[in-house]
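Visitor: Numbering of the sequence shown is given in our numbering, commencing with residue 3 and proceeding in unit increments. Ideal placement from N, C-alpha and C gives every residue a C-beta, glycine not left out. If you scroll down you'll find the structure; I have some questions about it.
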Amino acid sequence: MQRSKIDLWVGLFVLIGAAAILFLALKSANLLSLNFDTSYKVVAKFDNIGGLKPRAAVKSAGVVIGRVENISFDDKSYQANVNLAMESKYVFPKDSSLKILTSGLLGEQYIGIEAGASEKNMAAGDVIKQTQSAVVLENLISQFLYSKAADNSTPALSTSTTTPATGSTDKK
Numbered sequence: 003m004q005r006s007k008i009d010l011w012v013g014l015f016v017l018i019g020a021a022a023i024l025f026l027a028l029k030s031a032n033l034l035s036l037n038f039d040t041s042y043k044v045v046a047k048f049d050n051i052g053g054l055k056p057r058a059a060v061k062s063a064g065v066v067i068g069r070v071e072n073i074s075f076d077d078k079s080y081q082a083n084v085n086l087a088m089e090s091k092y093v094f095p096k097d098s099s100l101k102i103l104t105s106g107l108l109g110e111q112y113i114g115i116e117a118g119a120s121e122k123n124m125a126a127g128d129v130i131k132q133t134q135s136a137v138v139l140e141n142l143i144s145q146f147l148y149s150k151a152a153d154n155s156t157p158a159l160s161t162s163t164t165t166p167a168t169g170s171t172d173k174k
């Protein structure tokens with residue numbers, strides 16, 4: 003009887019440990035959200051979303067105020083429609099602007115919202131067109147390299163100076 007009681011406790015402990023590890027894995031991978039608050043949905047239109055993914059955070063002043071629900075392509079305007087679920091307790095003016103930002107140099111991308119000055123607030127179903135697309139690191143690096151290559155391809159002007167004491171000419 004004593005052995006089966008110990009086996010029961012060990013099994014229960016292992017089961018709770020496995021559930022805790024599963025919970026932490028889902029939470030750290032941003033696949034689990036235990037948010038029971040109500041939210042309102044808005045759509046943002048971006049020219050380029052870079053590596054933005056569904057379930058990415060929507061932040062204002064570093065605080066998570068919503069999540070990206072899904073991303074679709076509008077074949078009429080050739081833009082990405084990003085559907086956002088914003089927590090109802092956070093209300094922003096209609097003229098607020100959105101940017102796709104990156105956590106650190108190579109971190110995950112998220113949407114940053116900057117509050118506008120309008121008297122009217124965003125409501126469910128609003129479309130936000132004041133957006134700034136993601137900065138794609140590859141484009142930035144190639145632009146830098148091409149500008150450096152263009153600078154090096156321009157021929158340097160040859161100037162000659164004569165030294166008064168010796169009368170010799172130095173080419174630079």
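1) Identify the continuous alpha helix (DSSP H) that holds T51 and give its terminal residues.
2) Quick one, are the C-beta atoms of Q111 and G52 less than 7 Å apart?
3) Along the chain, where does the beta strand (DSSP E) containing L103 start, and where does it finish?
4) Quick check: what's the CA-CA separation for T104 versus L142?
5) In the DSSP assignment, find the unbroken alpha helix (DSSP H) run with L14 in it and report its ends.
6) Which word fits I113, buried or exposed, when buried means at least 16 other C-beta atoms lie within 10 angstroms of its C-beta?
7) Taking only three categories from DSSP, how would you classify Q132?
8) Which residue wins for smallest C-alpha separation from E189, given the options Y80, E71 and D76?
9) Based on the DSSP secondary-structure assignment, which residues constitute the bridge partners of Y42?
10) Could you pull the start and end residues of the alpha helix (DSSP H) that A151 belongs to?
11) Measure the C-alpha to C-alpha separation of S41 and N83 and round it to an integer number of angstroms.
12) Have a look at D128 and P95 and give me their C-alpha separation to the nearest angstrom.
13) Run the CB neighbour count on V44, radius 10 Å, all protein chains shown included, and call it buried at 16 or more, exposed below.
14) Taking only three categories from DSSP, how would you classify K174?
15) Which residue wins for smallest C-alpha separation from E121, given the options I73, D97, I23 and L108?
16) Express the C-alpha separation of K101 and Q134 in angstroms, rounding to a whole number.
Guide: Looking at the coordinates:
1) The amino acid at residue 51 is misidentified as Thr; the sequence shows Ile. Unbroken run through I51: none, as it is neither H nor E.
2) yes
3) For L103, the enclosing beta strand (DSSP E) covers residues S99 to T104.
4) 14 Å
5) Where L14 is concerned, the enclosing alpha helix (DSSP H) stretches over Q4 to S30.
6) buried
7) coil
8) Any property of residue 189 remains undetermined from this structure, which presents the chain solely from 3 to 174.
9) M88
10) L139 to S155
11) 18 Å
12) Taking the straight line joining both Cα atoms gives about 11 Å.
13) buried
14) Low local confidence applies: a pLDDT of 48 at K174 is under 50, so the model's placement there is unreliable, with the coordinate-based value given in what follows. Here K174 sits in coil by DSSP.
15) D97
16) 5 Å
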